[in-house]
Amino acid sequence: MPSLANKKIVLGISGGIAAYKSAELVRALVQEGAHVQVVMTNAAQQFITPVTMQALSGNPVFTNQWDQRIANNMAHIELSRAADAILIAPASADLMAKLSLGLADDLLSTLCLARDCPLLIAPAMNLQMWSHAATQRSLKRLQSDGVAVLGPASGDQACGEVGMGRMLEPEEICEQLIAFFQPQVLRNKRVLITAGPTFEAIDPVRGITNLSSGKMGFALAKAALEAGAYVHLIAGPCNLPTPLLSTGRITRTNVTSGAEMHRATLASANCDVFFAVAAVADWTIANRAKQKIKRQEKTGLDLEFRSNPDILLDMAKLAKRKSKPYCVGFAAETDRLGKHAKEKRIKKGIPMIVGNIGPATFGLDTNEIIVADEKGIKNLGKGNKLELARKLIAQVAARLP
Ligand code: C5P
1 MPSLANKKIV
11 LGISGGIAAY
21 KSAELVRALV
31 QEGAHVQVVM
41 TNAAQQFITP
51 VTMQALSGNP
61 VFTNQWDQRI
71 ANNMAHIELS
81 RAADAILIAP
91 ASADLMAKLS
101 LGLADDLLST
111 LCLARDCPLL
121 IAPAMNLQMW
131 SHAATQRSLK
141 RLQSDGVAVL
151 GPASGDQACG
161 EVGMGRMLEP
171 EEICEQLIAF
181 FQPQVLRNKR
191 VLITAGPTFE
201 AIDPVRGITN
211 LSSGKMGFAL
221 AKAALEAGAY
231 VHLIAGPCNL
241 PTPLLSTGRI
251 TRTNVTSGAE
261 MHRATLASAN
271 CDVFFAVAAV
281 ADWTIANRAK
291 QKIKRQEKTG
301 LDLEFRSNPD
311 ILLDMAKLAK
321 RKSKPYCVGF
331 AAETDRLGKH
341 AKEKRIKKGI
351 PMIVGNIGPA
361 TFGLDTNEII
371 VADEKGIKNL
381 GKGNKLELAR
391 KLIAQVAARL
401 P
């Protein structure tokens, strides 16, 4: 099911050059299943037309508080009562100032004042306007009034200057809105995740790795962020973007070998929950060559292997002593998922293990998982990795002290 299915969103657009990106935002919201009602200020219509917004949202756009289309002539009440959330992107400095003072002199500001649903704003303006004491005052007031502020980001600006004040990209705004609707079951918890494969070098150009894509671990990082956690992601070699970077609640360490992943994980062991999702190589090469090994026609190559440290096992031992992270392991099995998962949970000395049918699901966007804890086995079913990750986060959150 799309992440915004059945959600009614009023998308407010105020006057700023970033308004051209609102067209992409409407598309992203609609693609996620949302019903989007666009409301534009006069200034917004200088940058982009209501015709574009109507075509993309599939709904007539409102621009005027005296709009005759609403039977009782109270567009501000009708529109805000029907909404699950009001999202304003871009939110100009002028609009932020108005909202922070409770002014209501056009349709968008009036419906924000009349609302009984959450308000999210994505500010966009020149860097001097953003850093101006008046705007920062508006920002603080809006935050203390419970308004969720998405961004802004830093970077190139339409005016040619570089700095803070760029609107987040439409995709990021859409992802943050989705996150806003998820249950905040891990609010302020510190979550540590290992993800992806490891790469064990044979020489400077060759090595041994595995087929793990990192998708399940990254989906879990996203689901934990959506649930309000601070996440530290330790990723083996994989080309996946860091999820929900714009929340400012995720840090990432890239590692290559199992030994590096072990070091990085133990250095960040002070956390509430640890998910060991990485497919860590069981062995590393003991006789690794410093120079590239030359191909020899007649002889093969003798490699010596040494066991890699077991990260999960060491974290579980740690959990018994001091900072006590709740440790969750993963078991990719080709058969008898439940039996193997149960046995592995006990062997590793951890409270929960997630069984999935690997390696068939490596690289796919879907998976099928079960959860084993001391009470038994629960089937979380098949589905998209992000949906399964959300279900898993709910299971773990329910077991935390
Ligand atoms: O023992 P096995 O490799 O089957 O266990 C899989 C679980 O252990 C996964 O959670 C994996 O991330 C973790 N693991 C680890 N360090 C290793 C090997 C596996 O953390 N060296």
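Reminder that position 25 of the sequence shown reads as 25 in the working numbering, one-by-one numbering, no gaps.
Where a beta carbon is used, it is the ideal one built from N, C-alpha and C, also for glycine.
By Cβ distance below 6 Å, which residues in the same chain neighbour Ile369 in space, the five residues on each side in sequence not counted? Val354, Asn356, Leu380, Leu388
Only counting runs of 4 or more residues, tell me where the alpha helix (DSSP H) segments fall wholly within the region 243-296, in order along the chain. 258-267
Is there at least one Cβ from chain C nearer than 8 Å to Ala179's Cβ? Checking the listed chains, one finds no chain C in this structure; it contains a single protein chain.
Can we count Asn308 as close to the ligand C5P, meaning its CB is less than 7 Å from some heavy atom? yes
Inter-stretch contact (C-beta, 8 Å, three-pair minimum) for the region 186-201 and the region 295-302: no
Is there contact here, the region 281-292 with the region 155-164, by at least three beta-carbon pairs under 8 Å? no
The region 63-73 touching the region 3-17, judged by at least three CB pairs closer than 8 Å: no
May I ask whether a heavy atom of the ligand C5P can be found less than 7 Å away from the beta carbon of Lys320? no
First and last residue of the uninterrupted beta strand (DSSP E) at Lys391: Taken as a continuous stretch (DSSP letters only), Lys391 belongs to no beta strand (DSSP E), being part of the alpha helix (DSSP H) at 385-399.
May I ask you to report which of helix, strand or coil DSSP gives Met74? coil
Sheet register partners of Ala148 (DSSP bridge): Leu120
Where DSSP assigns a beta bridge to Arg187, which residues make up the other side? Answer by DSSP bridge pairing: none, since Arg187 is not bridged.
Which residue from Arg206, Gln31, Gln176 puts its Cα closest to that of Ala227? Gln176
beta-carbon Lys433 near the ligand C5P non-hydrogen atom, thresh 7 Å: Nothing can be reported for residue 433, as the shown portion of the chain is limited to 1 through 401.
DSSP puts Ile88 in a beta bridge; with which residues? Gly12, Ile121
DSSP beta-bridge partners of Gln143: Answer is none; Gln143 lacks a bridge partner.
Please confirm if the region 11-29 is in contact with the region 90-110, defined as three or more CB-CB distances below 8 Å between the two stretches. yes
What residue does the beta strand (DSSP E) around Ile370 start on, and which one ends it? 366-373
Can you tell which of Asn42, Met352, Gly12 has the C-alpha that lies nearest to the C-alpha of Ile86? Gly12
Coarse secondary structure for Asp94, derived from DSSP in three states: helix
Length of the line joining the Cα atoms of Asn308 and Val273: 23 Å
Note down the Cα distance separating Trp66 from Ile48, rounded to an integer number of angstroms. 21 Å
DSSP has Asp203 in a bridge; who is on the other side? Arg206
In angstroms with no decimal places, state the Cα-to-Cα distance between Gly376 and Val277. 21 Å
Can you pull the DSSP bridge partners for Leu192? His232, Phe274
For the ligand C5P, I want to know if Val277 counts as a neighbour, meaning its beta carbon is within less than 7 Å of at least one of the ligand's heavy atoms. yes
Any non-hydrogen atom of the ligand C5P within 7 Å of Val36 CB: no
Proximity below 8 Å, CB of Leu108 to CB of Thr41: yes
Roughly how many angstroms separate the alpha carbons of Arg295 and Asn367, rounded to a whole number? 40 Å
Less than 7 Å separating the Cβ of Ile370 from some heavy atom of the ligand C5P? no
Is it right to say Pro60 is buried, meaning 16 or more other beta carbons lie within 10 angstroms of its own, or is it exposed? exposed
Assign Asn126 to buried or exposed, taking buried as 16 or more other Cβ atoms, counted over all protein chains shown, within 10 Å of its Cβ. buried
Let me confirm a value: Pro325 is counted as buried when at least 16 other C-beta atoms fall within 10 Å, else exposed. Which label applies? buried
State yes or no: is the C-beta of Thr194 nearer than 7 Å to some heavy atom of the ligand C5P? yes
Lys344 beta carbon near the ligand C5P (any heavy atom closer than 7 Å): yes
Val396 Cβ short of 7 Å to the ligand C5P heavy atom set: no
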